[in-house]
Amino acid sequence: MELLRSAKKLWSKPAVKKSVVVGILVLTFVAFGRFFMQHPEYLRQLGHTSPWTILWVLLLNGAMIVVLVAATEATLRLCGKSLGLRENFNLTSYASIANFFGPLQSGPGVKAAYLKARHGVRLRDFTLASLVLLSFFALFSALFLFIGTRPWWQTVGALLVAGGCSVLAIRFFMQRDKTPADSQLHFQPAIVGTLAGLAFLQVVIASAWYYVELQAVDPAIQFSQAISYAGAANFSLFVSITPDGVGIRETFLLFSQGIHHVPTRDIVAANVIDRAVYVVFLIGLLAVVSLTHVSSKLKLADLKRSTAKSSSKP
């Protein structure tokens with residue numbers, strides 16, 4: 045507790061805040077540069093990819109960020125909190141970048157740590173609310189994995205397995221709460237329904253951008269294959285231990301070839317395009333976040349100057 049109080053006191057100093065923010069931005073840009081140096085094939089592939097393909101994938105990634113911002117707000121509302129749009133966008137953007145570089149689902153961890161320190165959101169509450177969203181995401185991913193190419197009974201079986209595992213995970217987590225009286229979590233049906241809808245949109249958007257990428261490398265690929273392909277790719281997110289799941293996603297897609305029937309060469313080529321465009325998107329996202337941070341600082345400085353001038357007048 046003493047360490048936490050000292051950290052909060054240190055963070056309250058404007059100079060420390062500014063240094064930390066600038067440091068994070070610089071380190072992130074350096075990380076992107078290092079990533080491209082280690083994977084030059086992504087830049088080469090971009091040079092051979094249609095500008096229309098790149099544009100469509102960038103737009104779909106932008107749509108995904110909008111959905112993730114809405115999902116963050118809905119998740120927080122289950123915890124009895126809310127964020128302003130700019131703060132939500134910046135937090136969601138940083139979490140997306142953390143998900144790219146960090147192991148497993150690092151994004152929710154970044155959000156949880158920030159919300160605990162800045163807004164007093166209970167870690168267990170936010171984690172449980174996030175589990176609800178991830179459960180819906182897993183459920184719809186299982187649906188998409190099988191519905192495109194497999195018989196109905198296999199689809200139903202996959203849904204039952206995914207749904208059952210999700211319920212067990214949530215119940216297990218709830219039972220381990222040693223101080224349930226401190227919880228501000230309320231499972232409001234309307235908000236839970238909103239999370240379900242947003243999780244469905246995530247899977248739909250992912251299917252669309254995978255279809256665009258697969259079409260770029262093989263026009264013979266059908267949308268039904270892209271749906272199953274997206275379902276398999278989504279499950280790799282839960283066990284990714286490399287930047288953006290490099291190697292992990294491909295492994296999931298190769299093992300599920302009997303379901304989506306996408307050839308190995310197309311899987312490899314489409315994933316190179318996917319990561320190359322996504323890195324470009326994240327760099328643009330980081331630039332937008334940086335500009336909004338600078339803009340807010342300039343507005344604050346103008347406000348302080350205006351206040352000082354007003355107070356100095358007789």
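For the sequence shown, our numbering gives the first residue as 45, with consecutive numbering after it.
Here a beta-carbon is modelled for each residue, glycine too, at the ideal position from N, C-alpha and C.
Predicted model only: the values in this text are computed from it and were never measured.
Subject >> Reference residue 299, options 273, 315, 103, closest by Cα >> reply: For the purposes of this step, residue 299 is taken as the residue at position 255 of the sequence shown. Minimum Cα distance to residue 299 is reached at 273.
Original post:
Rounded to whole angstroms, how far is the Cβ of residue 275 from the Cβ of residue 186, which I believe are closer than 8 Å?
Top reply: Reading the sequence shown from its first residue, position 231 is the one you call residue 275. Reading the sequence shown from its first residue, position 142 is the one you call residue 186. With 8 Å as the limit, residue 275 and residue 186 qualify as a contact, their Cβ atoms being about 7 Å apart.
**OP:** Could you tell me which of 184, 136, 120 sits nearest to residue 168, measuring between CA atoms?
**Re:** Here residue 168 is taken as the residue at index 124 of the sequence shown, counted from 1. Nearest C-alpha to residue 168 among 184, 136, 120: 120.
Original post:
Cβ of residue 359 within 7 Å of Cβ of residue 244?
Top reply: This structure cannot settle anything about residue 359, because the visible part of the chain is limited to 45 through 358.
Original post:
First and last residue of the alpha helix (DSSP H) that includes residue 144?
Top reply: The residue given as residue 144 occupies position 100 in the sequence shown. Per DSSP, the continuous alpha helix (DSSP H) segment holding residue 144 begins and ends at 129-145.
Original post:
Is residue 122 closer than 7 Å to residue 235 when the C-beta atoms are compared?
Top reply: In the sequence shown, residue 235 corresponds to position 191, counting from 1. In the sequence shown, residue 122 corresponds to position 78, counting from 1. Yes, the pair counts as a contact, with Cβ atoms nearer than the cut-off.
Subject >> For residue 297 and residue 279, the rounded distance between their alpha carbons >> reply: Locating residue 279 in the sequence shown gives position 235, counting from the first residue. Locating residue 297 in the sequence shown gives position 253, counting from the first residue. A straight-line Cα-Cα distance of about 10 Å links residue 279 and residue 297.
Subject >> CB-CB length for residue 305 against residue 269, believed under 8 Å >> reply: For this step, residue 305 is matched to residue 261 along the sequence shown. For this step, residue 269 is matched to residue 225 along the sequence shown. Sure, about 6 Å apart at Cβ, within 8 Å.
Subject >> Nearest to residue 283 (by Cα), restricted to the options 91, 104, 329, 182 >> reply: Along the sequence shown, one-based indexing puts residue 283 at 239. Considering only alpha carbons, the answer is 182.
**OP:** Can you tell me which of 163, 135, 164, 172 puts its alpha carbon nearest to the alpha carbon of residue 154?
**Re:** The residue given as residue 154 occupies position 110 in the sequence shown. Of the candidates 163, 135, 164, 172, the one whose C-alpha sits nearest the C-alpha of residue 154 is 135.
**OP:** Return helix, strand or coil for residue 232, following the three-state DSSP convention.
**Re:** If you number the sequence shown from 1, residue 232 lands on position 188. Coil, per DSSP.
Subject >> Euclidean distance between Cα positions of residue 237 and residue 84 >> reply: Taking the first residue of the sequence shown as position 1, residue 237 is located at position 193. Taking the first residue of the sequence shown as position 1, residue 84 is located at position 40. Rounded to whole angstroms, residue 237 to residue 84 spans 43 Å at the Cα level.
Original post:
Between the segment 99-116 and the segment 245-261, do three or more beta carbon pairs fall short of 8 Å?
Top reply: yes
Subject >> Assigned secondary structure, residue 264 (DSSP; H/G/I helix, E/B strand, else coil) >> reply: The residue you call residue 264 lines up with position 220 of the sequence shown. Residue state, collapsed to three classes: coil.
**OP:** Please work out which residues of its chain come closer than 6 Å, Cβ to Cβ, to residue 232, disregarding the five sequence neighbours upstream and downstream, and give them in chain order.
**Re:** For the purposes of this step, residue 232 is taken as residue 188 along the sequence shown, with counting starting at 1. Hits under 6 Å: none found.
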